[in-house]
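Chemist: Have a look at this one.
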Ligand SMILES: [Fe+2]
Ligand SMILES: [Fe+2]
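Residue numbers (this note's numbering): 109 to 371.
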């Protein structure tokens, strides 16, 4: 069994890059499930119905979110419509949407859970560790494989979560920093882990944003309006291979592709 997970899809350039590369990756790796983080799909912040459809039409089964879940208010009109978007599970009780979703393919049930970190994040969320315990309890007997997208800033919090969940879930992948880390590994009890999958969008900006604007902000301290960087783009993803018999991850492979776009 294989799961392909694509890191934060950033703006139209990210959606176009996904569109141009995903079929090729599917052909090459033949994944059973394709998941993507879509928290930056609409202009770099949040997601809308049309941008989500764009991602689904490219061949993604389920979209995970993050701290930009509510950046486009129209998500509130669609998140309870049955659309396959998972928002962080550790939002307060009463928040719309779902923190987990189970899909089935080829006779295998995969649960996808999204969590937000709390270290260096401006989030009013419940403890992600207590939340995942609760979610795993609910999932007992409901899923064969469990995929966790832990959307967090600090590598310490992400690595701690991976050890906390080793042997209890199939994989813990980090998102949010938009920079792919090179620490992918299989933990002792068979959980695949990477601190950050990276981002799918502009390759030459500052985590997606035009570099001149960000330099202006850092060097002069002046306010700026974020604009998506132009030029080359990238697709960052991981491919996780799972032993079908014992449900343990056996391999995690980083994917980082550069796409040259016309100016
Ligand atoms: Fe992001
Ligand atoms: Fe984020």
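Note that CB positions come from ideal geometry on N, CA and C, so glycine has one too. Quick caveat: nothing in here was measured; it's all calculated off a predicted structure.
Beta-carbon within less than 8 Å of residue 354's beta-carbon, same chain only, minus the 5 sequence neighbours each way: which residues are those?
Modeler: Locating residue 354 in the chain shown gives position 246, counting from the first residue. Hits under 8 Å: 298.
Chemist: Grab me the residues of residue 150's own chain with a C-beta within less than 7 Å of its C-beta, minus the 5 sequence neighbours each way, in chain order.
Modeler: For the purposes of this step, residue 150 is taken as the residue at position 42 of the chain shown. Excluding sequence neighbours, residue 150 sits near 156, 159, 180.
Chemist: According to DSSP, simplified to helix, strand and coil, what is residue 235?
Modeler: Within the chain shown, residue 235 is the residue found at index 127, counting from 1. Residue state, collapsed to three classes: coil.
Chemist: What does the Cβ neighbour count give for residue 260, buried or exposed, with the cut at 16 atoms within 10 Å?
Modeler: Numbered from 1 along the chain shown, position 152 holds the residue referred to as residue 260. Under this definition residue 260 is a buried residue.
Chemist: For residue 257, is the beta carbon positioned less than 7 Å from some heavy atom of ligand 1?
Modeler: As a position in the chain shown, residue 257 is number 149, starting the count at 1. The answer is no for residue 257.
Chemist: Whole-angstrom Cβ separation of residue 363 and residue 133, contact assumed at under 8 Å?
Modeler: As a working mapping, residue 363 is identified with position 255 in the chain shown. As a working mapping, residue 133 is identified with position 25 in the chain shown. About 7 Å; that satisfies the 8 Å criterion.
Chemist: How long is the line joining the alpha carbons of residue 178 and residue 316, rounded to whole angstroms?
Modeler: The sequence position of residue 178 within the chain shown is 70, counting from 1. The sequence position of residue 316 within the chain shown is 208, counting from 1. Within the model, the alpha-carbon separation for residue 178 versus residue 316 is close to 19 Å.
Chemist: Starting from residue 209 and walking both ways along the beta strand (DSSP E), at which residues does that stretch end?
Modeler: Locating residue 209 in the chain shown gives position 101, where the first residue counts as 1. Run containing residue 209: 208-213, per the beta strand (DSSP E) assignment.
Chemist: In its own chain, which residues sit with a C-beta less than 7 Å from the C-beta of residue 162, not counting the 5 before and 5 after it?
Modeler: Numbered from 1 along the chain shown, position 54 holds the residue referred to as residue 162. Within the same chain, and ignoring the five residues on either side of residue 162 in sequence, the residues whose Cβ sits closer than 7 Å to its Cβ are 123.
Chemist: Taking 6 Å as the limit, tell me which residues put their C-beta closer than that to any heavy atom of ligand 1, in chain order.
Modeler: 116, 147, 148, 174, 284, 286
Chemist: Should residue 130 go down as buried or exposed, given a rule of 16 or more other Cβ atoms within 10 Å for buried?
Modeler: In the chain shown, the residue the question calls residue 130 occupies position 22. Result: buried.
Chemist: CB of residue 334 to nearest heavy atom of ligand 2: below 7 Å?
Modeler: Working through the chain shown from its first residue, we reach residue 334 at position 226. Residue 334: no, Cβ never under 7 Å from ligand 2.
Chemist: Do you know offhand how far residue 244's Cα is from residue 142's?
Modeler: Counting from 1 along the chain shown, the entry for residue 244 is found at position 136. Counting from 1 along the chain shown, the entry for residue 142 is found at position 34. A direct Cα-Cα distance of roughly 21 Å separates residue 244 from residue 142.
Chemist: Can you tell me the Cα-Cα spacing of residue 331 and residue 153, whole angstroms?
Modeler: Within the chain shown, residue 331 is the residue found at index 223, counting from 1. Within the chain shown, residue 153 is the residue found at index 45, counting from 1. If I take the Cα positions, the gap works out to 18 Å.
Chemist: Quick check on the DSSP output: what are the complete beta strand (DSSP E) runs of length 3 or more inside the segment 130-202, in order along the chain?
Modeler: 141-145, 170-172
Chemist: Distance check for residue 221 and residue 254, CA to CA, integer angstroms please.
Modeler: Residue numbering aside, residue 254 sits at position 146 when the chain shown is read from its first letter. Residue numbering aside, residue 221 sits at position 113 when the chain shown is read from its first letter. A straight line joining the alpha-carbon of residue 254 with that of residue 221 spans about 7 Å.
Chemist: Buried or exposed: where does residue 265 fall if 16 or more other Cβ atoms within 10 Å of its Cβ makes it buried?
Modeler: Along the chain shown, one-based indexing puts residue 265 at 157. Buried.
Chemist: Can you tell me which residues form a DSSP beta bridge with residue 365?
Modeler: Reading the chain shown from its first residue, position 257 is the one you call residue 365. BP columns for residue 365 point to 343.
Chemist: Out of 193, 192, 207, point me to the one whose CA is closest to residue 199's CA.
Modeler: As a first step, residue 199 must be located in the chain shown, where it is residue number 91. Residue 199 has its Cα closest to that of 207, out of 193, 192, 207.
Chemist: Spatial neighbours of residue 349 within its chain, please: CB distance less than 6 Å, with the 5 preceding and 5 following residues excluded, ordered by chain position.
Modeler: Taking the chain shown and counting its residues from 1, the one referred to as residue 349 is at position 241. Counting only Cβ-Cβ distances below 6 Å, and skipping sequence neighbours, we find 110, 358, 359.
Chemist: Whole angstroms are fine: how far does the CA of residue 346 sit from the CA of residue 270?
Modeler: Counted from its first residue, the chain shown places residue 270 at position 162. Counted from its first residue, the chain shown places residue 346 at position 238. Straight-line Cα distance between these residues: approximately 16 Å.
Chemist: Candidates 242, 326, 167: which alpha carbon is nearest residue 144's?
Modeler: In the chain shown, counting from the first residue as 1, residue 144 sits at position 36. Ranking the options by Cα distance to residue 144, first place goes to 167.
Chemist: Rounded to whole angstroms, what's the CA-CA distance from residue 215 to residue 137? Just pull it up for me.
Modeler: As a working note, residue 215 is residue 107 in the chain shown. As a working note, residue 137 is residue 29 in the chain shown. Per the coordinates, the alpha-carbon of residue 215 lies some 19 Å from the alpha-carbon of residue 137.
Chemist: Output needed for residue 251: all residues of its chain with C-beta closer than 7 Å, excluding positions within five of it in sequence on either side, in chain order.
Modeler: Within the chain shown, the letter at position 143 stands for residue 251. So the list reads 210, 217, 218, 219, once near-sequence residues are dropped.
Chemist: Please go through the segment 311-344 and give each complete beta strand (DSSP E) segment of 3 or more residues, from N-terminal end onward.
Modeler: none
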